Amino acid sequence: MEIPEGITHTRRHFLGTTAAAAVTAQLGTTGEAQAQSEMGKPVVSPAANPGADASFGPVKQINAGGLDVGYVEAGPANGRPVILLHGWPYDIHSYVAVTPLLAAKGYRVVVPYLRGHGTTRFLSSKTSRNAQQSAFALDIIALMDALKIDRAILAGYDWGARTADIIAALWPERCKALISVTGYLIVNVEANKLPTPPKSEWAWWYQYYFATERGVLGLKEYRHDLAKLVWKFNSPTWNFDEATFDRTAAAFNNPDYVSIVIDNYRWRLGLAKGEPRYEAIEKRLAAAPVIKVPAITIDGAHDPFTPPGNGSAYRKKFAGKYAHQTLKVGHNVPQEAPQAFAEAVVEADGF
Numbered sequence: 041m042e043i044p045e046g047i048t049h050t051r052r053h054f055l056g057t058t059a060a061a062a063v064t065a066q067l068g069t070t071g072e073a074q075a076q077s078e079m080g081k082p083v084v085s086p087a088a089n090p091g092a093d094a095s096f097g098p099v100k101q102i103n104a105g106g107l108d109v110g111y112v113e114a115g116p117a118n119g120r121p122v123i124l125l126h127g128w129p130y131d132i133h134s135y136v137a138v139t140p141l142l143a144a145k146g147y148r149v150v151v152p153y154l155r156g157h158g159t160t161r162f163l164s165s166k167t168s169r170n171a172q173q174s175a176f177a178l179d180i181i182a183l184m185d186a187l188k189i190d191r192a193i194l195a196g197y198d199w200g201a202r203t204a205d206i207i208a209a210l211w212p213e214r215c216k217a218l219i220s221v222t223g224y225l226i227v228n229v230e231a232n233k234l235p236t237p238p239k240s241e242w243a244w245w246y247q248y249y250f251a252t253e254r255g256v257l258g259l260k261e262y263r264h265d266l267a268k269l270v271w272k273f274n275s276p277t278w279n280f281d282e283a284t285f286d287r288t289a290a291a292f293n294n295p296d297y298v299s300i301v302i303d304n305y306r307w308r309l310g311l312a313k314g315e316p317r318y319e320a321i322e323k324r325l326a327a328a329p330v331i332k333v334p335a336i337t338i339d340g341a342h343d344p345f346t347p348p349g350n351g352s353a354y355r356k357k358f359a360g361k362y363a364h365q366t367l368k369v370g371h372n373v374p375q376e377a378p379q380a381f382a383e384a385v386v387e388a389d390g391f
């Protein structure tokens with residue numbers, strides 16, 4: 041879960057398919073969710089459980105950087121690349137209904153498991169199980185290199201949005217366009233050490249829980265129960281079923297899941313040290329670089345981490361062609377509103 045930069049104290053920031061024919065018909069040039077250039081009222085998005093019956097084809101594996109990355113792929117091999125990045129506590133199935141919509145439009149869609157999730161594994165036991173923001177961004181750059189993708193549309197939410205934001209900001213030549221849920225999520229660790237109002241701190245209970253040894257043990261023992269609790273808090277109007285949750289929860293059985301989650305949230309609070317090899321990148325990110333590639337930002341109206349102002353809190357961080365949407369969904373936007381999310385990808389591609 042994420043809170044965008046610039047909310048309080050200027051900080052805080054988060055293939056086949058059996059349903060292809062059904063969901064493809066939903067994607068058009070207009071729909072229930074339409075982009076708004078700056079401000080506007082929340083638009084209507086599906087209230088049902090879209091994509092519940094969809095499924096991916098086989099998970100592929102490829103060595104990229106220090107990882108053996110698990111990913112799914114759909115669409116023509118020569119299609120325009122789109123990389124879809126998941127957040128926590130979620131996995132690639134956030135995009136199980138988005139993927140066939142984009143594949144049907146001729147895009148080459150790649151959906152990887154982030155480090156510590158699903159079938160993605162570290163190649164060496166000696167590699168630090170580091171989860172600072174730079175590491176995730178470089179993982180995706182390495183994946184693009186391994187897949188021979190020079191430039192892609194990047195889309196994500198939560199951890200995935202931050203990763204996409206970083207690549208768009210620091211390596212714009214690799215990012216044709218950006219779709220970022222909850223806007224600008226690049227972390228400034230020093231700013232993140234400052235307290236926020238109690239209501240905000242309360243929402244981040246798990247982050248402080250993970251700062252304790254009790255939290256480490258709790259995540260190990262109750263990883264599925266904890267994730268389900270977060271899902272319900274993040275998306276109060278999303279009526280997901282047990283099968284939908286269980287499908288994703290399998291990704292949390294990764295042997296490095298606990299280490300990665302704990303390190304990520306401790307690093308954000310300055311409680312875990314980053315690696316020296318990422319220091320130069322982190323210094324650039326601490327300066328809150330402006331994103332200049334074409335971008336669409338999306339807020340979930342029912343996401344407890346959405347800042348007020350319909351995107352105004354982070355608007356100045358986007359200097360290229362830009363549009364903003366507010367959808368009547370929660371935190372996991374692509375899974376709660378796959379049609380609207382896919383339409384945003386197509387629109388950003390046309391900028």
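Be aware that the sequence shown starts at 41, since it is given in our numbering, and climbs by one per residue.
Each residue gets a CB set at the ideal place from its N, CA and C atoms; glycine is no exception.
The model shown is predicted, which means the values in this text are computed figures rather than measured ones.
Going by CA-CA distance only, name the one from 99, 121, 309 that's closest to residue 227. Locating residue 227 in the sequence shown gives position 187, where the first residue counts as 1. The shortest C-alpha separation from residue 227 is found at 309.
Distance between residue 164 and residue 301 (C-alpha atoms, nearest Å): Taking the sequence shown and counting its residues from 1, one reaches residue 301 at position 261. Taking the sequence shown and counting its residues from 1, one reaches residue 164 at position 124. One C-alpha to the other measures close to 19 Å.
Please classify residue 257 as buried or exposed, where buried requires at least 16 other C-beta atoms within 10 Å of its C-beta. By 1-based counting over the sequence shown, the position of residue 257 is 217. Classification for residue 257: exposed.
Span separating the alpha-carbon of residue 27 from that of residue 151: Only positions 41 to 391 of the chain appear in this structure, which leaves residue 27 out of reach.
Three-state secondary structure (DSSP) at residue 379? Locating residue 379 in the sequence shown gives position 339, where the first residue counts as 1. Helix, per DSSP.
Residue 97 burial status per 10 Å Cβ neighbour count (16 or more: buried): If you number the sequence shown from 1, residue 97 lands on position 57. Exposed: under 16 other Cβ atoms inside 10 Å.
From 358, 340, 236, pick the residue whose C-alpha is nearest to that of residue 367; which is it? Here residue 367 corresponds to residue number 327 of the sequence shown, with the count starting at 1. Measuring from the Cα of residue 367, the nearest candidate turns out to be 340.
Taking 7 Å as the limit between beta carbons, can you name the residues of its chain near residue 373, skipping five residues before and five after? Numbered from 1 along the sequence shown, position 333 holds the residue referred to as residue 373. Hits under 7 Å: 197, 221, 338, 340, 367, 381.
For residue 319, the residue or residues it bridges with in DSSP: On the sequence shown, residue 319 is found 279 positions in, with the first residue counted as 1. Partner(s): none; residue 319 has no beta bridge.
Of the choices 317, 209, 311, 390, whose alpha-carbon is the least far from that of residue 247? Within the sequence shown, the letter at position 207 stands for residue 247. Ranking the options by Cα distance to residue 247, first place goes to 311.
Would DSSP call residue 191 helix, strand or coil? Translated into positions along the sequence shown, residue 191 becomes position 151. Here residue 191 sits in coil by DSSP.
Specify the secondary structure class of residue 369 as computed by DSSP and reduced to three states. For the purposes of this step, residue 369 is taken as residue 329 along the sequence shown, with counting starting at 1. The answer is coil: DSSP assigns residue 369 none of H, G, I, E or B.
Residue 289 to residue 104 span [Cα, whole Å]: As a position in the sequence shown, residue 289 is number 249, starting the count at 1. As a position in the sequence shown, residue 104 is number 64, starting the count at 1. Going from the Cα of residue 289 to the Cα of residue 104 covers about 24 Å.
Rounded to the nearest angstrom, what separates residue 363 and residue 342 at their Cα positions? The sequence position of residue 363 within the sequence shown is 323, counting from 1. The sequence position of residue 342 within the sequence shown is 302, counting from 1. Each residue's Cα considered, the two are about 20 Å apart.
Tell whether a beta-carbon distance below 7 Å holds between residue 110 and residue 199. As a working note, residue 110 is residue 70 in the sequence shown. As a working note, residue 199 is residue 159 in the sequence shown. Contact: no.
C-alpha distance - residue 4 paired with residue 384, whole-angstrom precision: Absent from the model: residue 4. The displayed extent of the chain is 41 to 391, so no value can be given.
Excluding the five sequence neighbours on either side, which residues of its own chain have a C-beta within less than 7 Å of the C-beta of residue 204, listed in chain order? Translated into the one-based positions of the sequence shown, residue 204 becomes position 164. Cβ neighbours of residue 204 beyond the five flanking positions: 125, 194, 195, 196, 218, 220.
Delimiting residues of the alpha helix (DSSP H) encompassing residue 113: Locating residue 113 in the sequence shown gives position 73, counting from the first residue. It is not in any alpha helix (DSSP H) - residue 113 instead sits in the beta strand (DSSP E) that spans 107-114.
Under a Cβ-count criterion, where at least 16 other Cβ atoms within 10 Å of its own Cβ denotes burial, should residue 167 be classed as buried or exposed? Locating residue 167 in the sequence shown gives position 127, where the first residue counts as 1. Label assigned to residue 167: exposed.
Considering residue 122, what are the terminal residues of the alpha helix (DSSP H) in which it resides? Here residue 122 refers to the residue found at position 82 when the sequence shown is read from its first residue. No alpha helix (DSSP H) holds residue 122; the beta strand (DSSP E) holding it covers 120-125.
Please report the distance separating the alpha-carbon of residue 172 from that of residue 365. One-based indexing of the sequence shown puts residue 172 at position 132. One-based indexing of the sequence shown puts residue 365 at position 325. Cα to Cα, residue 172 sits roughly 28 Å from residue 365.
Please classify residue 239: does DSSP put it in a helix, a strand, or coil? Indexing the sequence shown from 1 puts residue 239 at position 199. Three-state DSSP puts residue 239 in a helix.
Distance between residue 238 and residue 117 (C-alpha atoms, nearest Å): Start at 1 with the first residue of the sequence shown, and residue 117 comes out as number 77. Start at 1 with the first residue of the sequence shown, and residue 238 comes out as number 198. If I take the Cα positions, the gap works out to 49 Å.
Close Cβ partners of residue 325 (< 6 Å) along its chain, the five nearest in sequence each way excluded: Your numbering for residue 325 matches position 285 in the sequence shown. 226.
I need the DSSP call for residue 157, collapsed to helix, strand or coil. Indexing the sequence shown from 1 puts residue 157 at position 117. The answer is coil: DSSP assigns residue 157 none of H, G, I, E or B.
Beta strand (DSSP E) runs contained entirely in the region 287-368, provided each spans 3 or more residues: 335-340, 362-367
Between residue 359 and residue 331, which are expected to be in contact by the criterion C-beta below 8 Å, what is the C-beta distance as a whole number of angstroms? Mapped onto the sequence shown, residue 359 falls at position 319. Mapped onto the sequence shown, residue 331 falls at position 291. Confirmed, about 7 Å.
Contact defined as beta carbons within less than 8 Å: I believe residue 214 pairs with residue 179. What is the distance between those atoms, to the nearest angstrom? Taking the sequence shown and counting its residues from 1, one reaches residue 214 at position 174. Taking the sequence shown and counting its residues from 1, one reaches residue 179 at position 139. Actually they are not in contact, since the Cβ atoms of residue 214 and residue 179 sit about 13 Å apart, beyond 8 Å.
Taking all protein chains shown into account, do 16 or more other C-beta atoms lie within 10 angstroms of the C-beta of residue 202, making it buried, or fewer, making it exposed? Translated into the one-based positions of the sequence shown, residue 202 becomes position 162. Answer is buried; the Cβ neighbour count reaches 16.
Count the other CB atoms within 10 Å of the CB of residue 88; is the residue buried (16 or more) or exposed (fewer)? Stepping through the sequence shown from its first residue, residue 88 is reached at position 48. Confidence in residue 88 is poor, its pLDDT being 48 and thus under 50, which makes the residue's placement too unreliable to answer from.
Cut-off 7 Å between Cβ atoms - residues of its own chain near residue 315, not counting five sequence neighbours on either side: As a working mapping, residue 315 is identified with position 275 in the sequence shown. Counting only Cβ-Cβ distances below 7 Å, and skipping sequence neighbours, we find 168, 170.
Rounded C-beta distance between residue 370 and residue 278? I'm assuming under 8 Å. The sequence position of residue 370 within the sequence shown is 330, counting from 1. The sequence position of residue 278 within the sequence shown is 238, counting from 1. Indeed, because the Cβ distance is near 5 Å, the residues count as touching under 8 Å.
Please return the same chain residues whose Cβ sits closer than 8 Å to the Cβ of residue 174, not counting the five positions on each side in sequence. Looking up residue 174 in the sequence shown gives position 134. Here the set comprises 206, 314, 318, 321, 322, 325.
Cut-off 7 Å between Cβ atoms - residues of its own chain near residue 106, not counting five sequence neighbours on either side: Indexing the sequence shown from 1 puts residue 106 at position 66. Excluding sequence neighbours, residue 106 sits near 162, 163, 164, 167.
Those residues which DSSP pairs with residue 101 across a bridge: Start at 1 with the first residue of the sequence shown, and residue 101 comes out as number 61. Partner(s): 110.
With 16 other Cβ atoms within 10 Å as the buried cut-off, status of residue 356: As a working note, residue 356 is residue 316 in the sequence shown. Residue 356 is exposed by the Cβ-count criterion.
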